[in-house]
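Below: one structure, written as structure tokens.
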Amino acid sequence: MFDINFYMKLDELLGSLCAEQKYSIDEVYCMLEDIRSKNPIIYNIETTNRCNMKCKMCPRTTMMSRDIADINYETFINVINQVEPHTKDEWEKWVKFCKNKYGINENEMSENHFFLYIIPRIIQLHGYGDPLLDKNMSNYIKALNKRGFYSYFSCNPANINLDKTFEMMESGLDYIKYSIESVDDAEHKKIRGEASNFNKSFNDIKEVIKFKEKANIKTEIIITMLDLNRKNQKEDYKKLRNAFNDLDVYIYLKSEDCQWYRKDYHGTKSIHWSEICKHPWMSMTVKSNGEATMCMEDFNNEIILGDVNNQSLKDIWNGENYSKFRKQHLRASDNIKCVKQCDMSLIGDCYKIN
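Below is the structure:
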């Protein structure tokens, strides 16, 4: 989830700011404090950072050095009990905003539809690990469902265990995304490592779809391929669409994030990666060891804003560390990870703030 009310208010505020005018940090900071909710909203909870893949485009493969951990079950429950889902009225206002600003309707199927109509309402259960390796995932889904939250995670289909997947779906899983990079097994292994494949994954996903239809379960099955700027990317994606052509899936080509990590930056078609970063004001990320970090992209937990094991979300969200972090985004000049290792622009990159 993210704070859709802040998102809409910020859009209005930025529309009133002049890119040529100079603003003080205190001035802009106060403007943002006025529209920021003092109640936190959780974007994602990384329940585990375990992963058996060796994806060439993932910083986890070569740069992540933090310890492997699974979130404590009691910690997870404590976290979700401190936040609330969006109300029906809030969501209706958001839908109208998305249609007016972006021209994207509720019934589309695309990368930006996914960002606007699915991400804002779910609590994401992945970070730098594969949720299919988390033995408690069904219990987490049940807990979210009981609290009125939508649940979602992205995973590697090579790790599908059909019995466990069926259990998660029966527990109320709303969305599951399978990442597939090629219809050719050899090419897939080049991209995601020897543990990955296409053919077995494809057959398992078909079994998941059959189970959904037979049991009349609501889980939406999402298929994505990352646009890695490969020579045969368009052809491979066309083959992937053809493979799933008659099956009940939501499928799209996804812009690559973390392109700072690559030598061939090739741009993005994503609204999320094209706009100013709003995360310090609209969402909180909790990692598998209970640390609250700058966002889901902080693979090594380098900017720690609190610890949910011994602090309330509200104290962290309104605390000194977050205040300092927000001001660093306004300066966009401090030597922080957001400047060095992210594709998104900071507010201080786009406006004269000092």
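If you're matching positions, the sequence shown starts at 1 in this note's numbering and goes up one per residue.
We put the beta carbon where it would ideally sit given N, CA and C, even for glycine.
Check: For phenylalanine 244, which residues in the same chain have their Cβ closer than 7 Å to its Cβ, ignoring the five residues on either side in sequence?; Outcome: Ile223, Ile251
Check: So, using beta-carbon positions, are serine 270 and phenylalanine 153 closer together than 9 Å?; Outcome: no
Check: Compare the beta carbon distance of lysine 263 and leucine 226 with 9 Å and say whether it is the shorter of the two.; Outcome: no
Check: With a threshold of 8 Å, establish whether the CB of aspartate 246 neighbours any heavy atom of the ligand HEM.; Outcome: The ligand HEM is absent from the structure shown, which contains no ligands of any kind.
Check: Should serine 288 be labelled buried (16 or more other beta-carbon atoms within 10 Å of its own) or exposed?; Outcome: buried
Check: If you draw a straight line from the C-alpha of lysine 239 to the C-alpha of phenylalanine 202, how long is it?; Outcome: 13 Å
Check: Determine whether the beta carbon atoms of lysine 337 and methionine 294 lie at a separation below 9 Å.; Outcome: yes
Check: Going along the chain, which residues of its own chain have a beta-carbon closer than 7 Å to the beta-carbon of leucine 144, five neighbours each way excluded?; Outcome: Ile80, Ile123, Ser151
Check: Let's test the definition: count the other Cβ atoms within 10 Å of the Cβ of methionine 1 and tell me whether it reaches 16, buried, or not, exposed.; Outcome: buried
Check: Tell me the residue span of the alpha helix (DSSP H) that contains glycine 306.; Outcome: Premise fails: glycine 306 lies in the beta strand (DSSP E), 304-307, not in any alpha helix (DSSP H).
Check: Put phenylalanine 114 into one of helix, strand or coil per three-state DSSP.; Outcome: helix
Check: How is valine 208 classed by DSSP in three states: helix, strand or coil?; Outcome: helix
Check: Can you find a CB in chain C that lies within less than 9 Å of the CB of isoleucine 316?; Outcome: Although the question refers to chain C, the structure presented lacks it and comprises just one protein chain.
Check: For cysteine 18, count the other beta carbons within 10 Å of its own beta carbon; 16 or more makes it buried, fewer makes it exposed. Which is it?; Outcome: exposed
Check: Taking the alpha carbon of proline 120 as the point to measure from, which residue in Ser138, Gly129, Lys93, Met137 has its own alpha carbon closest?; Outcome: Lys93
Check: Along the chain, where does the beta strand (DSSP E) that runs through serine 151 open and close?; Outcome: 150-155
Check: When you compare only the Cα positions, how much space is there between asparagine 5 and valine 286?; Outcome: 21 Å
Check: Mind checking asparagine 161: buried by the 16 CB within 10 Å criterion, or exposed?; Outcome: exposed
Check: Are histidine 188 and isoleucine 176 touching if we call contact CB-CB under 9 Å?; Outcome: no
Check: Are the beta-carbon atoms belonging to isoleucine 209 and leucine 173 less than 9 Å from one another?; Outcome: no
Check: If you follow the beta strand (DSSP E) that leucine 253 is part of, which residue opens it and which one closes it?; Outcome: 250-255
Check: Rounded to whole angstroms, what's the CA-CA distance from histidine 126 to glutamate 213? Just pull it up for me.; Outcome: 26 Å
Check: CB glutamate 170 to CB isoleucine 217, shorter than 9 Å?; Outcome: yes
Check: Which runs of the alpha helix (DSSP H) at least 4 residues long sit entirely within the region 253-341? Give them in chain order.; Outcome: 271-274, 279-282, 313-317, 320-331, 337-340
Check: Taking 9 Å as the cut-off, decide whether the C-beta atoms of tyrosine 261 and methionine 53 are in contact.; Outcome: no
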